[in-house]
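Numbering (this note's numbering), first residue to last: 134 to 322.
Beta carbons are placed, not taken as given, at the ideal position from N, Cα and C, and that holds for glycine.
Here is the structure we will look at.
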């Protein structure tokens, strides 16, 4: 039984680094942290001990740090964290990915993909008073648009840095045993 070499959960592409050298892994992480720390308009905190939810036994992951965003809407303070991480390849190398974390007024509320917008709003509503809840129900579409816009801003910045230190791949296909074929993002479809 085979498997895909890379475990990619949130990044729009597979940002792969094919290496067996641990120095390259450390150097890539340091370069990404340095570039994100120097980036204007982005708040970044470097840390390799942030707990990760998407780590798998076959694909161990280590955090690089967090990019932080903030929204205040209808009296709700929402912090958005994009946790940058490296994920070990199954056979070789590693890829660069991220996890999302939303917290409302200091309490953690998590949603992996924000696709079920009703659940996101209902989860966040648990933190407000009656007036805030009424406003949020009425304006929830605008609120979700603001959250998604901020997530897009943070992840676009992160992925632009990832592309400087990795090879961009997309999964071109797979076999019934689980193995995958990757192609360069620049290759014709």
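How many angstroms separate the CA atom of residue 282 from the CA atom of residue 203? Whole-angstrom Cα-Cα distance: 11 Å.
Expressed to the nearest angstrom, what Euclidean distance is found between the alpha-carbon atoms of residue 279 and residue 141? 25 Å
Could you give the C-beta distance for residue 236 and residue 218, rounded to a whole number, given that I count them as a contact under 8 Å? Wrong, their Cβ atoms sit about 18 Å apart, outside the cutoff.
State the Cα-Cα distance for the pair residue 312 and residue 161, rounded to the nearest angstrom. Near 26 Å, if we compare the C-alpha coordinates of residue 161 and residue 312.
To the nearest angstrom, how far is the alpha carbon of residue 163 from that of residue 266? Cα-Cα distance, rounded: 43 Å.
May I ask you to list the residues that DSSP assigns as paired with residue 228? 149 and 220
Assuming residue 148 and residue 296 are in contact, meaning their beta carbons sit under 8 Å apart, how far apart are those beta carbons, in whole angstroms? The C-beta distance from residue 148 to residue 296 rounds to 7 Å, short enough to fall under 8 Å.
Compare the Cα-Cα distances from residue 175 to each of 222, 291 and 154 and report the closest residue. The shortest CA-to-CA distance from residue 175 to any of 222, 291 and 154 is the one to 291.
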